[in-house]
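This report concerns only the one structure given below.
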Amino acid sequence: MGDGSPRSGNWKWYICGTLLLATMLNYMDRQTLAQMSTEICQDFGLNNEHYGWLEFGFGIAFALGAVCTGLLVDRVSIRWLYPAVVVGWSAVGFATAFASDFRSLLLCRIALGFLEAGQWPCALATVQRILTRKDRTLGNGILQSGAALGAIFTPLVVLAMVTEEPGSWRGPFKAIGAVGLLWVIPWFLLIGPGDLRTGSTAEPAVEDPPHGTKATESRSWKWALVRRFLVLVVMVVTINICWHFFRAWLPKFLREYHQYDRQFVQYYTIAYYLATDAGSIAMGFLTKFLVNRGWSVFAARIVPFLGCALLTSLSVIAAQLPAGWALLGIFLVIGFGALGLFPNYYAFSQELTAKHQGKLTGTLGCINWVAMAIMQPLVGARIDETRSYADGIMAVGLAPLIGFAAAIAFWNWPRPSSTKESSR
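According to this note's numbering, the stretch in the sequence shown is residues 1 to 424, in order.
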């Protein structure tokens, strides 16, 4: 299909499926460490603060990689850039199996973070170039659901390969890294040399005022873009604080604090990420349904976002619960909401620019991952100090409500006349 021939109506959705696979591989390489954190920490003699520093190194490298890749996305062909970063992070994931101590493991995590950051500028620019505004939330939901699928398959790989034998944790890194190299095959079959041209988009964004706009309206337009960028900063940090806290710490919380055994936690993690996958896909379909029913695009995005934020706020209850089915059940609900936040955040971010989507995504990713990198060692130190996860669980679940408040207060207010169309 990559030969420039006329595209079928489903071509854009095949591309979204390929993006889903890339996201899945991205999270499998990333999540392998979290799923085997107890074994790795025991093997290398690491405590929770050490583990937090591994997340710190990954996060800072991810922040730098997001900016670098974002700049490249706006200048070079995504057709070649995207497979380059996928092959790169897959190779680093494979190399992690040969880490011999904390330092080499940290270096692998830094390299992985830098290369994995390329996923989001490439994927979001691809969605923007092939889908219209009303379809983008669904497209984003499909690609983001790959995160949950990756987190579902990773425990299965771990269960199949990791035993009580010392060092058996190295096998999953090799297997998952090797599989990632195969992703380039469907990508090049679907994407031809003339596809995804730099600066192209299925529907114009709102980066420039209409031709002939008065100077005062032009200034108002530019202020609207700055204001919306600041809203996106608040949104991206608050939703990721919730998502990445549970990504990194939930397995350790269940195993070491509530004393669930390794096999149970692996199976429960599968259920958790099935719930998150359902949240991502459901919010994409819900937004599309609401738009088709006559809702404004803004309302159809912000109402599901609020619903998901309310679900994550149930963490206040979860933090107080003892081990048992109530605790496990409420975490499934929280997971549904945690990933359900992302499709509409991505759709909001795709409203600002077509020409500079890569730089925008990279900048937001950089800000976000600096925040995540700072958070993780502090979380680890706090857990070591208090022997409790309760403070963190309560705080991160409430964070998305701050993102909602920023969007509802400032995305469309004050609204200059030339930006009205973008909020519909």
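Here a beta-carbon is modelled for each residue, glycine too, at the ideal position from N, C-alpha and C.
Whole-angstrom C-beta distance between residue j and residue i, which should lie under 8 Å
i           : j           : result
residue 352 : residue 228 : 6 Å
residue 167 : residue 43  : 7 Å
residue 427 : residue 338 : In the structure as shown, the chain starts at 1 and stops at 424, and residue 427 therefore has no counterpart that could be examined.
residue 343 : residue 137 : 5 Å
Limits of the unbroken alpha helix (DSSP H) element including residue i
i           : result
residue 304 : 297-312
residue 362 : 357-386
residue 277 : 262-292
residue 117 : No alpha helix (DSSP H) contains residue 117, which DSSP labels as neither H nor E.
residue 79  : 78-95
residue 343 : 342-349
residue 400 : 390-410
residue 58  : 48-73
residue 323 : Unbroken run through residue 323: none, as it is neither H nor E.
residue 17  : 11-35
residue 188 : 184-190
Residues near residue i in its chain [Cβ-Cβ closer than 7 Å; skip 5 each side]
i           : result
residue 258 : 323
residue 232 : 348, 349 and 364
residue 240 : 368 and 372
residue 336 : 275, 276, 278, 279 and 311
Contacts around residue i, its chain only, beta-carbon distance under 6 Å, and the 5 residues preceding and following it disregarded
i           : result
residue 426 : Outside the displayed span of the chain (1 to 424) sits residue 426, for which this structure offers no information.
residue 110 : 57 and 61
residue 171 : 161
residue 237 : 368 and 371
Between the CA atoms of residue j and residue i - distance to the nearest angstrom
i           : j           : result
residue 269 : residue 17  : 23 Å
residue 173 : residue 120 : 22 Å
residue 302 : residue 291 : 12 Å
residue 328 : residue 250 : 11 Å
residue 265 : residue 60  : 28 Å
residue 318 : residue 23  : 28 Å
residue 74  : residue 151 : 30 Å
residue 25  : residue 53  : 23 Å
residue 247 : residue 31  : 8 Å
residue 66  : residue 226 : 20 Å
residue 403 : residue 13  : 29 Å
residue 333 : residue 312 : 8 Å
residue 72  : residue 320 : 46 Å
residue 92  : residue 98  : 10 Å
residue 149 : residue 245 : 18 Å
residue 37  : residue 169 : 9 Å
Check: residue i C-beta below 6 Å from any heavy atom of the ligand NAP
i          : result
residue 62 : Although the ligand NAP was asked about, the structure shown includes no ligands whatsoever.
Close beta carbons around residue i, own chain, < 8 Å, minus the five adjacent residues each side
i           : result
residue 116 : 26, 29, 30, 62, 65, 85 and 89
TODO: Please list the segments of the beta strand (DSSP E) lying wholly inside the region 145-173, counting only runs of 3 or more residues, in order along the chain.
DONE: none
- [ ] Jot down the residue ranges of each uninterrupted alpha helix (DSSP H) in the region 215-241, minimum 4 residues, whole runs only, in chain order.
- [x] none
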